[in-house]
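Engineer: In the numbering used here, the protein residues as written are 419 to 766. After the structure tokens below, expect a handful of questions from me.
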């Protein structure tokens, strides 16, 4: 985020905000880009070993977000597992990728990308994997040449891949990078509690609708009454407090990693739980038709408004085996990093 000040509108209010955001990004870098996080894939350490042997310094970037949904921050936690922490690393706001004017850096372009200025700056050297287009504006034909320069584009969902294919870009379903998170706890540390995430029990009108009715129909009262209820959101005042949000994301991952079962309406929660080996009950009124879930239904059991009962043993819920997906996503990104960095041999 070294170019935050140069990007600022020249008004006292805008300048003050830019200074605050820059300071918060530097705080985040100090806290989270200098140590390996507990849920890391560990691939970054393997890359660091090769780069030390080769010598020289390489520049990498990682994303922070001006959002309240800490699911985005879980994407960055997964991303950090593939970066060598002893190299030149810096944080940058995902929503401002078009205006980045710092040193040329390699960025892993995973996660949610919405309706903001596009394409990314030429100083961003991208690896597109687990890429989700939340806006059709990102698939305009005028951006096809940009994507072709960096293809193949690995997409988090099949709908994103299809949109890119339609404008002549080589794109494929890669799966989600959060599927490569690792559980640092052993089976003996698994708790006997359930977690309900983003159920919004008190408000029928919040996202997603009809969750309270589904919960009452699918989940035994004894489970709901004794569950830990959490939101995967922070208050608006913390939207740009990057360190606070990452700390909260790590707290939630820690809670999910030891849970007996997680009941959620959020894909951002369900996929990391699958990676952690935690049984998941996923509820969404559009589970069968929402394009975001295309490619995940084989491993993510979900329930829509027509569901009458949950197919789960509540006394002893069992995790879903996603080892084939985990290995595929990890091998894909490792191969692309090896090629981009011109590392010797083949990734282990």
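Beta carbons are placed, not taken as given, at the ideal position from N, Cα and C, and that holds for glycine. These numbers come from a predicted model, not from an experiment.
When you compare only the Cα positions, how much space is there between residue 605 and residue 751?
Structural biologist: Position 187 of the chain shown, counted from the start, is the residue given in the question as residue 605. Position 333 of the chain shown, counted from the start, is the residue given in the question as residue 751. Between residue 605 and residue 751, the C-alpha separation is close to 28 Å.
Engineer: Is the beta carbon of residue 568 sitting closer than 7 Å to the one on residue 591?
Structural biologist: For the purposes of this step, residue 568 is taken as residue 150 along the chain shown, with counting starting at 1. For the purposes of this step, residue 591 is taken as residue 173 along the chain shown, with counting starting at 1. Cβ distance not < 7 Å, so residue 568 and residue 591 don't count as in contact.
Engineer: Counting C-beta neighbours from all protein chains within 10 Å, is the total for residue 740 16 or more, i.e. buried, or is it exposed?
Structural biologist: Reading the chain shown from its first residue, position 322 is the one you call residue 740. The residue is buried, with at least 16 neighbouring Cβ atoms inside 10 Å.
Engineer: Below 8 Å on the Cβ atoms is my guess for residue 664 versus residue 680; work out the distance and round it to an integer in Å.
Structural biologist: To locate residue 664, count along the chain shown from 1; it is residue 246. To locate residue 680, count along the chain shown from 1; it is residue 262. Not confirmed; about 20 Å, so no contact.
Engineer: In the DSSP assignment, what are the bridge partners of residue 507?
Structural biologist: The count along the chain shown starts at 1 and reaches residue 507 at position 89. According to DSSP, which records beta bridges pairwise, residue 507 is partnered with 478.
Engineer: For residue 445, which residues from the same chain have a beta carbon less than 7 Å from its beta carbon, with the 5 sequence-adjacent residues on both sides left out?
Structural biologist: Position 27 of the chain shown holds residue 445. Hits under 7 Å: 661.
Engineer: Out of 735, 722, 656, point me to the one whose CA is closest to residue 491's CA.
Structural biologist: For the purposes of this step, residue 491 is taken as the residue at position 73 of the chain shown. The candidate whose alpha carbon is nearest that of residue 491 is 656.
Engineer: Which residue from 550, 532, 535, 518 puts its Cα closest to that of residue 541?
Structural biologist: On the chain shown, residue 541 is found 123 positions in, with the first residue counted as 1. Of 550, 532, 535, 518, the residue nearest in Cα terms is 518.
Engineer: For residue 493, which residues of its own chain have a beta-carbon under 7 Å away from its beta-carbon, when the five flanking residues on both sides are left out?
Structural biologist: For the purposes of this step, residue 493 is taken as residue 75 along the chain shown, with counting starting at 1. The answer, listed in chain order, is 528, 529, 595, 596.
Engineer: For my contact list, residue 536 and residue 510 are in at a C-beta cut-off of 8 Å; report their separation, rounded to the angstrom.
Structural biologist: Locating residue 536 in the chain shown gives position 118, counting from the first residue. Locating residue 510 in the chain shown gives position 92, counting from the first residue. Actually they do not touch by this definition, with Cβ atoms about 15 Å apart.
Engineer: Would you check whether the ligand MN has a heavy atom nearer than 6 Å to the C-beta of residue 431?
Structural biologist: Among the ligands in the structure shown, none appear at all, so the ligand MN cannot be discussed.
Engineer: State the Cα-Cα distance for the pair residue 442 and residue 436, rounded to the nearest angstrom.
Structural biologist: One-based indexing of the chain shown puts residue 442 at position 24. One-based indexing of the chain shown puts residue 436 at position 18. Using only the alpha carbons, I get a separation of about 10 Å.
Engineer: As an exercise, report each continuous beta strand (DSSP E) stretch of at least 3 residues that is fully enclosed by the stretch 671 to 705, in chain order.
Structural biologist: Complete beta strand (DSSP E) runs here, min 3: 679 to 682, 698 to 701.
Engineer: Anyone know if the C-beta pair for residue 687 and residue 650 falls short of 7 Å?
Structural biologist: Walking along the chain shown from the start, residue 687 turns up at place 269. Walking along the chain shown from the start, residue 650 turns up at place 232. Contact flag set, yes.
Engineer: Taking the C-alpha atoms as reference points, what is the distance between residue 557 and residue 646?
Structural biologist: For the purposes of this step, residue 557 is taken as the residue at position 139 of the chain shown. For the purposes of this step, residue 646 is taken as the residue at position 228 of the chain shown. Their backbone Cα atoms lie some 40 Å apart in a straight line.
Engineer: Can you tell me whether DSSP reads residue 544 as helix, strand or coil?
Structural biologist: What you label residue 544 is simply residue 126 of the chain shown in a count that begins at 1. Three-state result, residue 544: strand.
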